[in-house]
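In this note's numbering, the protein residues as written are 42 to 976. This report refers to the structure that appears directly beneath it.
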RNA sequence: GCCGAAGUGGCGGAACAGGCAGACGCGCGCGACUCAAAAUCGCGUGAGGGUGACCUCAUGUGGGUUCGAUUCCCACCUUCGGCACCA
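Here it is, written out as structure tokens:
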């Protein structure tokens, strides 16, 4: 029984070492040209007031890896700060009457304490808090630089607005099908306001290039989709009043199939082109459309709506006169806000045309070559079915009707037969890979709007049941059998397209685009889903936008020397949640920097994503040149620090930032590069995402569910080292999963075993360890170093800890033998502590110093493994017969192929299963197995 | 609807340039210690069959490639993310 003082009591040793490390400035990161640098960064928290287990899950393994890199000889920077502007501070102000600044700073105070209990190697001297003037001076400075570069502009825009928070929302802050506010859940409405934007779209193409960074495929895909580049053409249609109407299309090869146009309800030409007869209906529709975005967009709003505006345009490729409609399925914000409707090859246009009786003319051949015909009973003369059978045209017969499904090549023969057999008073058609109507007196190709009219008229004469049909396609749609071949969106040979008919699908887009350019009616064009970044927030608690509005001079930027525009400390947050700056006379009124006359300040503040777009630069020299006036050619961080530390080598954080923060910060860096502030293209070279820890019930942790795991409680009970190691051990880091309060007990036991393994007395008998025993222990030790190194490199934290457990288990066995106290034993102890140090810094330090080793374990070099020592001497040779394991043999690792095969074939297990069979083949996998193929 | 990821014991998870499935841990069972319990330590633990050595089945389902597939290919099912009238 160990004496009480020798028990593992993390609650005593952890604070002790944290204090000591801090006194010794062990984790200060200073420029050291003699060492390679490593900038490890983990996403900074919002100071909500409580560090939750998710923060630990993100930060503790990141810290372990930063510590590992440090032991590998890198000069490591691993800073921490707070993303301190934002809405919750204002909500707290409203609810509790506390000023946002005080609320934020006291939260930070508490969270700093909690963060320190983690024992991470944060360099607190580099802490940066985004709501302090020394920080947001530079956020404002960046705004001015963007403005100067033409990348910040103001425009009136319909923005999502939360009536409860009384603020505009970014697209990503609007959630869910019902479009509710990210923060409070209130359904969002649209509002027209003058807003500031950053021109992120100017960098869209460059943001699509991920060649310089090692980021998870998932994030790359999400960003690629978010940016949503599509290539196509802009084509100019002309209204009958001679107004050019430009449309964007990705399918110029379908131009000949454009049978109508649709303008977005907000499109300026709607107003101009609408005829008096249609005006009332159009205005009603526009009103409806505008209102519809105000009401929550109801769930099943699938059904297409729209109205004809009375006007016509001319299809520039074939002179066809086509009606112009307005419909809300066309967005004003994408492309040109106008489309050509090609219902035969676009699902939405098809649905729209079918509903409103617009002609649908196929212009792209079906690549699958499937053609169909429905032969109604009595429409053909006797012997038709037999003729089809003889021609090997497949069909099914049901209730006397024939359902013919044929290949494109068979359609000519089919048409001949149908024509020969068709009864007077009937018609028959072929659809899909061929479009033909067969009447008793002749065959009509279905190839144009005119043909559509003529065919329909003839059919109506013959069959009263189709009287109400407006188009051929509407008539065909009633035949269920046809539905899957009536339209398609594939590329294919162009048909019914004038001179372009017959152009193969793989070159059609290119050829048509070139021709459009020659004709001067269109040109190659690229469109993006990405919109410019709306940075205005109608909030008090954010970095002010450094702009004043002067009656004489208009929009005037605040001079660099006058930064920062300070947030007034005495502002009162109105209970309505409105922007306090609007009502703060002292802030609002100022003088124009240009003419000295009276002027008003911009009261919008900046999106907090701006603050977090450059925080990794702020860490280099927090609040750089505080108190000194800034200039246009200032640097927002110390260039010496930047030259050494940048860019970030490894960035860790949650996947939820894939399309917001992680695009914005890349954008920021590219602009900074173009401004000459940095000389690289990407801010973070390697990115890794951790998953989410759920409550023990498998649900997302929340106070209302009562499933929240509080790190403070865990630290108090188990100590930080146990919590850290469990967070690394329990899950695949990138996936996360439910908390398991029994699982952590296992890790606590492990650390206790490590403690006892190192400190408690072992074997007390006489004798020397055998050479084999020494070799076996050393082999395990060196294999463990190899495995630990590989796992750290690949962020495989769970197997990293498992490997340490294995080493410890092996040592506990060795401890009961003469190995205890030997040189090999000491090597094992030292290695165990060194490998443990990144994950569990306190216990490693305690045991390191207790065993008389020089302080500090965290200044030691990562151990190296000797491949020869780590090499196995004996391997288990698996013997398979026909792929099934039949025996296992212990053999020397350097066994030759012949020896291995020989042993395997003669092994008892193999003989049992090869008896009476012929051995056909023997396969040898070096160091692993022999597979005997016997039949 | 489209795009992407993942399905392995009772549980978290190992092993995938194709080669012993289930490392490590939780839980569970048996044993030691104890008057007893907890803690600790030892042994066992995918399912089924056989007294036994052994045998059969098993990595979401169904096919395929291969001497050999958790790993590669095809189809399907389930779960979780992302986007969602993007022309």
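Backbone N, C-alpha and C fix where the C-beta goes; we use that ideal spot for every residue, glycine too. Just so it is clear, the structure is predicted and the values come from calculations on it, not from any experiment.
Asked                                                                                                                             : Found
Host beta strand (DSSP E) of residue 715 (start-end)                                                                              : Run containing residue 715: none in the beta strand (DSSP E); it sits in the alpha helix (DSSP H), 702–715.
Per-residue DSSP class, three states only, for residue 908                                                                        : helix
Nearest to residue 881 (by Cα), restricted to the options 160, 687, 186                                                           : 160
Euclidean distance between Cα positions of residue 68 and residue 876                                                             : 19 Å
Rounded C-alpha distance that separates residue 251 from residue 261                                                              : 7 Å
Run of the alpha helix (DSSP H) containing residue 546, from where it starts to where it stops                                    : 546–560
Proximity below 9 Å, CB of residue 734 to CB of residue 777                                                                       : yes
Among 909, 754, 902, 540, nearest to residue 93 - alpha-carbon criterion                                                          : 754
Cβ pair residue 444, residue 472 closer than 9 Å                                                                                  : no
Runs of beta strand (DSSP E) wholly within the segment 609–694 (minimum 3 residues, chain order)                                  : 630–632, 639–642
C-beta atoms of residue 839 and residue 773 nearer than 9 Å                                                                       : yes
Within 9 Å, strictly: CB atoms of residue 329 and residue 316                                                                     : no
Extent of the continuous beta strand (DSSP E) to which residue 381 belongs                                                        : 379–382
Distance between residue 717 and residue 658 (C-alpha atoms, nearest Å)                                                           : 14 Å
Neighbourhood of residue 979 by C-beta, 6 Å cutoff - its chain only, sequence neighbours within 5 removed                         : Because the chain in this structure spans residues 42 to 976, residue 979 falls outside the shown range and cannot be described.
Cut-off 8 Å between Cβ atoms - residues of its own chain near residue 921, not counting five sequence neighbours on either side   : 927, 970, 971, 972, 973
Contact under 9 Å by Cβ, residue 567 with residue 782                                                                             : no
Residue closest to residue 277, alpha-carbon to alpha-carbon, out of 873, 452, 354, 170                                           : 354
Three-state class that DSSP yields for residue 429 in the structure shown                                                         : helix
Boundaries (first-last residue) of the beta strand (DSSP E) holding residue 201                                                   : 193–203
Helix, strand or coil at residue 417 [DSSP, three-state]                                                                          : coil
Of the residues 128, 105, 126, the one placed nearest residue 119, counting alpha carbons only                                    : 105
Segment contact flag, the segment 357–373 with the segment 275–293, C-beta cutoff 8 Å, min 3 pairs                                : yes
Rounded straight-line distance, which links the Cα of residue 241 to that of residue 587                                          : 20 Å
Rounded straight-line distance, which links the Cα of residue 852 to that of residue 820                                          : 12 Å
Inter-residue CB distance, residue 899 and residue 157 (contact presumed, cutoff 8 Å)                                             : Rounded, the Cβ-Cβ distance is 16 Å, inconsistent with contact.
Bounding residues of the alpha helix (DSSP H) (the contiguous stretch that carries residue 514)                                   : 513–518
Burial state of residue 940, where buried means 16 or more other Cβ atoms lie within 10 Å                                         : exposed
Chain-order list of residues whose beta-carbon lies under 8 Å from that of residue 832 (same chain, five-residue window excluded) : 838, 840, 841, 844
Distance between residue 817 and residue 824 (C-alpha atoms, nearest Å)                                                           : 11 Å
Segment contact flag, the segment 190–204 with the segment 226–236, C-beta cutoff 8 Å, min 3 pairs                                : yes
DSSP bridge partner residues for residue 443 (one or two, in chain order)                                                         : 416, 438
C-alpha distance - residue 449 paired with residue 412, whole-angstrom precision                                                  : 6 Å
Contact set for residue 127: own chain, Cβ-Cβ below 7 Å, skip 5 residues either direction                                         : 87, 582, 649
Backbone CA spacing between residue 577 and residue 205 [nearest angstrom]                                                        : 17 Å
Length-filtered (4 minimum) alpha helix (DSSP H) runs lying within the segment 788–865                                            : 812–834, 838–855
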